Amino acid sequence: MRKSSPLTTLPLHLLEYLLHPLPPHTLLALALTSRLLYTATLAPRLARLRLTVHSHARLTSDLARLTALLTRVHGFMSGGGSGGGDILFRHVRHLTIAGSLPDDDDTPSSAAAAIDDDGTDTHAPPFHPGTPHPTPSRKRSQSFAWQPLALFLTRLPCLTDVVWACTVQLPPSLLTALPPTTRLHMHTFSLRSLYARRGAEKAIDPNERALATFPRLCAIRARVVLYDSDGRASYNLEALEEMLEGGWAPGLRDLRVGYDSPKRTMALLDGVMAGREEKVRFFGEGGQGEGGKKHPLETLVLSGHCHGPYQLDLWRARIDTTVLRRLETYCGVSVAGLEMLTSLAGRGEFPALRRLGLKVASGEAEDVGVSLDEPTARLLKAVPPLEGLTLTGRWGEQVFEAVVGRHGPTLRLLRLLRDPQNVVYGDVEVDAHRAHAICQRCPRLEDVKLRVRRRQGGPEEVAVYRALGQLRHLRCTTLVFDCRTPRQGGTEIDRIRKTLVNLAVDETLTRAIYEITTATDLRLGRLRLETETGPIVAAEFPQLQDWAAWIGRSWVLDRDDTRGEVALRKAKGKKDRNYLREKLVRVDFRGRDVWEEMWPARGDDWRDGWHSFPLGGHEG
Numbered sequence: 009m010r011k012s013s014p015l016t017t018l019p020l021h022l023l024e025y026l027l028h029p030l031p032p033h034t035l036l037a038l039a040l041t042s043r044l045l046y047t048a049t050l051a052p053r054l055a056r057l058r059l060t061v062h063s064h065a066r067l068t069s070d071l072a073r074l075t076a077l078l079t080r081v082h083g084f085m086s087g088g089g090s091g092g093g094d095i096l097f098r099h100v101r102h103l104t105i106a107g108s109l110p111d112d113d114d115t116p117s118s119a120a121a122a123i124d125d126d127g128t129d130t131h132a133p134p135f136h137p138g139t140p141h142p143t144p145s146r147k148r149s150q151s152f153a154w155q156p157l158a159l160f161l162t163r164l165p166c167l168t169d170v171v172w173a174c175t176v177q178l179p180p181s182l183l184t185a186l187p188p189t190t191r192l193h194m195h196t197f198s199l200r201s202l203y204a205r206r207g208a209e210k211a212i213d214p215n216e217r218a219l220a221t222f223p224r225l226c227a228i229r230a231r232v233v234l235y236d237s238d239g240r241a242s243y244n245l246e247a248l249e250e251m252l253e254g255g256w257a258p259g260l261r262d263l264r265v266g267y268d269s270p271k272r273t274m275a276l277l278d279g280v281m282a283g284r285e286e287k288v289r290f291f292g293e294g295g296q297g298e299g300g301k302k303h304p305l306e307t308l309v310l311s312g313h314c315h316g317p318y319q320l321d322l323w324r325a326r327i328d329t330t331v332l333r334r335l336e337t338y339c340g341v342s343v344a345g346l347e348m349l350t351s352l353a354g355r356g357e358f359p360a361l362r363r364l365g366l367k368v369a370s371g372e373a374e375d376v377g378v379s380l381d382e383p384t385a386r387l388l389k390a391v392p393p394l395e396g397l398t399l400t401g402r403w404g405e406q407v408f409e410a411v412v413g414r415h416g417p418t419l420r421l422l423r424l425l426r427d428p429q430n431v432v433y434g435d436v437e438v439d440a441h442r443a444h445a446i447c448q449r450c451p452r453l454e455d456v457k458l459r460v461r462r463r464q465g466g467p468e469e470v471a472v473y474r475a476l477g478q479l480r481h482l483r484c485t486t487l488v489f490d491c492r493t494p495r496q497g498g499t500e501i502d503r504i505r506k507t508l509v510n511l512a513v514d515e516t517l518t519r520a521i522y523e524i525t526t527a528t529d530l531r532l533g534r535l536r537l538e539t540e541t542g543p544i545v546a547a548e549f550p551q552l553q554d555w556a557a558w559i560g561r562s563w564v565l566d567r568d569d570t571r572g573e574v575a576l577r578k579a580k581g582k583k584d585r586n587y588l589r590e591k592l593v594r595v596d597f598r599g600r601d602v603w604e605e606m607w608p609a610r611g612d613d614w615r616d617g618w619h620s621f622p623l624g625g626h627e628g
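Okay, so the sequence shown: first residue is 9 according to the numbering used here, each after it adds one.
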């Protein structure tokens, strides 16, 4: 008889507590081993649910199946008895609602906005924030369509968080159906009634006002424009400012604003020429803000097309920076912006800051001959020790030393990246020496994303992978490959050959890199390889651009503890690969002979004959 596991001797409530942190695939595997573990894993498995909306009919049937499943599972647990089935609904704590509800119910929506539930994603999902505001009749039909979901929400008494990622506006029926302790995360926030032409009435819709002032609205991801492509002025930015300044969103702690640039049209030009009203207010008096007290925002993320210093100053005037834990701005921070942030940090305005993200405006600095390495380093030395740091741009040796020296002992997340628009050389890369420094001085790292220059798989390149493998707590590694070949020395044909070797990233190479990075520790759960192609290759070899995109692939490798294996998948979908295949033609260019020499045509399709080269075994 098989000896029972010590886990089975624990009380059920304690067993549930111990199993809660495990990932879903591990919980599912445990559930299949015994009746007790099946029961014990129910709570953590049901804690986070995701519902994707396609149509009214599909939504109704999906909710009916989910309700029936929860009831049947409870019947199985209780030996087939009836009654008390709602106990399983108490396990649901986090619900994400994505997708869309189309106007024509016979045409299901294909939209399923992607959500990064771990909070690392900084942007709102793809959606059109200026979608025309629905008519009264449309509102009534939408209210009817959402009734099944509203009823389902009323059966979740312990629901703590709802993430709204639908491309349509959150209906008032769902807002009122939320349990009294549930926090609302709006990942597609847009007040659609605040898109108007100059001279038109500017009043917020009552339902959207109820959403904006909902006391438990705790997180907003918004995409804002000054004008949309139809020429209408958008006043969402003013509304967000008023919500903070007047205390109209008392529970808001997380704000992420993406500044969009609309498609250029004649209507847009007409709208800009007509102008927009200034100092428009939408909420009146009576907000919950205390006189003179700034909003206690904990997360502020700015991205897109905006003027860094101006926007930072605009939001700083409305929030209490002493409680800010996460500040990220990817709008291109200039020297003035860096100096402003350094001054604020020096005055002690960021005592609670634990995560910082910056996109440095390297292009602007190059235009005036200014290095941003020193001002960025001064800022990094001025802020408190960080747990998460993201830097995008041309960072240098002073910045690197500030990163590992000031923040190394506390860092858990580190991302050092190049500005995608910068195709020139001159920035500092993560070579073997710096990889060793990261390993020795950042011992607590769990998540890294670094740009690494490929060197035809030689010892210097392999040394980077070995160094990263020494990080004992690392769970996720993303390597962004710079496949360019320096211009110093060698002929153009030699550089083309080396560039093609660097670009050739296939399954074999991905697994080889994974084996090196896990040689001393098998804790690494995910390895992601991203190969830079596009403009960075085209800047040197324009004829290679399509070929580079075809062989310069990106891969994701996940370790599955339950099966003792690793799962590998291409980061790009089948549709993208088919498009590249059709686009790739065997044109004449200087490197064609090199291609045919490296990968002689075999089989029916020459496009599939390429392969990577072994690490340390190809000298180029």
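Where a beta carbon is used, it is the ideal one built from N, C-alpha and C, also for glycine. Given the structure is predicted, the values throughout are model-derived calculations rather than measurements.
What's the C-alpha gap between residue i and residue j?
i: Ala122; j: Pro304; result: Bear in mind that the predicted position of Ala122 carries a pLDDT of just 36, short of 50, making it unreliable; the figure below should be weighed with that in mind. Taking the straight line joining both Cα atoms gives about 28 Å.
i: Thr418; j: Leu453; result: 8 Å
i: Leu458; j: Val488; result: 6 Å
i: Glu548; j: Asp601; result: 18 Å
i: Cys484; j: Ala211; result: 47 Å
i: Leu359; j: Ala390; result: The amino acid at residue 359 is misidentified as Leu; the sequence shows Pro. When rounded, the distance between both Cα atoms is 11 Å.
i: Ala666; j: His313; result: There is no way to answer for residue 666, as the model of the chain reaches only from 9 to 628.
i: Leu219; j: Leu178; result: 8 Å
i: Val472; j: Lys578; result: 23 Å
i: Asp114; j: Gly542; result: Residue confidence for Asp114 is low, a pLDDT of 42 falling below 50, so the modelled location carries little weight; the figure read from the coordinates is stated next. Each residue's alpha carbon lies about 40 Å from the other.
i: Leu366; j: Leu425; result: 10 Å
i: His102; j: Ala443; result: 38 Å
i: Arg200; j: Asp568; result: 44 Å
i: Ala230; j: Pro393; result: 29 Å
i: Leu225; j: Tyr267; result: 21 Å
i: Gln496; j: Gln553; result: 22 Å
i: Leu310; j: Glu246; result: 15 Å
i: Lys287; j: Leu57; result: 42 Å
i: Ala72; j: Val509; result: 54 Å
i: Thr525; j: Thr539; result: 18 Å
i: Ala557; j: Trp614; result: 16 Å
For the beta strand (DSSP E) that residue i lies in, which residues bound it at each end?
i: Leu421; result: Leu421 to Leu425
i: Cys339; result: Arg334 to Val341
i: Phe489; result: Cys484 to Asp490
i: Asp262; result: Asp262 to Tyr267
i: Glu538; result: Arg534 to Thr539
i: Leu397; result: Gly396 to Thr400
i: Val368; result: Arg363 to Val368
In the DSSP assignment, what residue or residues form a beta bridge with residue i?
i: Asp169; result: His102 and Arg191
i: Lys578; result: Trp563
i: Phe197; result: Ala230
i: Leu508; result: Beta-bridge pairing links Leu508 to no other residue.
i: His415; result: None, per the DSSP bridge assignment.
i: Arg284; result: Looking at the DSSP assignment, Arg284 forms no beta bridge with any residue, so it has no partner.
i: Cys174; result: Gly107
i: Leu67; result: Note: Leu67 sits in no beta bridge, so no partner.
In three-state DSSP terms, what is residue i?
i: Glu454; result: coil
i: Arg463; result: coil
i: Gly239; result: coil
i: Pro116; result: Here Pro116 scores only 45 on pLDDT, less than 50, and its place in the model should not be relied on; the value that follows carries that caveat. Pro116: coil per DSSP, three-state reduction.
i: Ala158; result: helix
i: Cys314; result: coil
i: Thr139; result: coil
i: Ile212; result: coil
i: Gly477; result: coil
i: Thr184; result: helix
i: Ala609; result: coil
i: Leu346; result: helix
i: His303; result: strand
i: Cys447; result: helix
i: Asp568; result: strand
i: Val391; result: coil
From which residue to which residue does the alpha helix (DSSP H) around residue i run?
i: Gly498; result: From DSSP, Gly498 is part of no alpha helix (DSSP H); its letter is neither H nor E.
i: Gly61; result: It should be noted that the sequence gives Val, not Gly, for residue 61. Val61 -> not in any alpha helix (DSSP H); beta strand (DSSP E) instead, spanning Arg56 to Val61.
i: Gln406; result: Glu405 to Ala410
i: Lys147; result: Pro144 to Ala153
Kindly indicate if chain D contains any beta-carbon less than 8 Å away from that of residue i.
i: Leu332; result: Absent from the structure: chain D. Only one protein chain is present.
Does the region 228–247 come close enough to the region 198–211 to have 3 or more Cβ pairs within less than 8 Å?
In this structure the region 228–247 lies against the region 198–211, because at least three pairs of beta carbons, one per stretch, are closer than 8 Å.
Between the region 344–353 and the region 279–293, do at least 3 Cβ pairs fall closer than 8 Å?
Segments in contact, no.
Okay, do the region 177–196 and the region 146–161 touch, 3+ Cβ pairs below 8 Å being the bar?
Touching, per the Cβ criterion.
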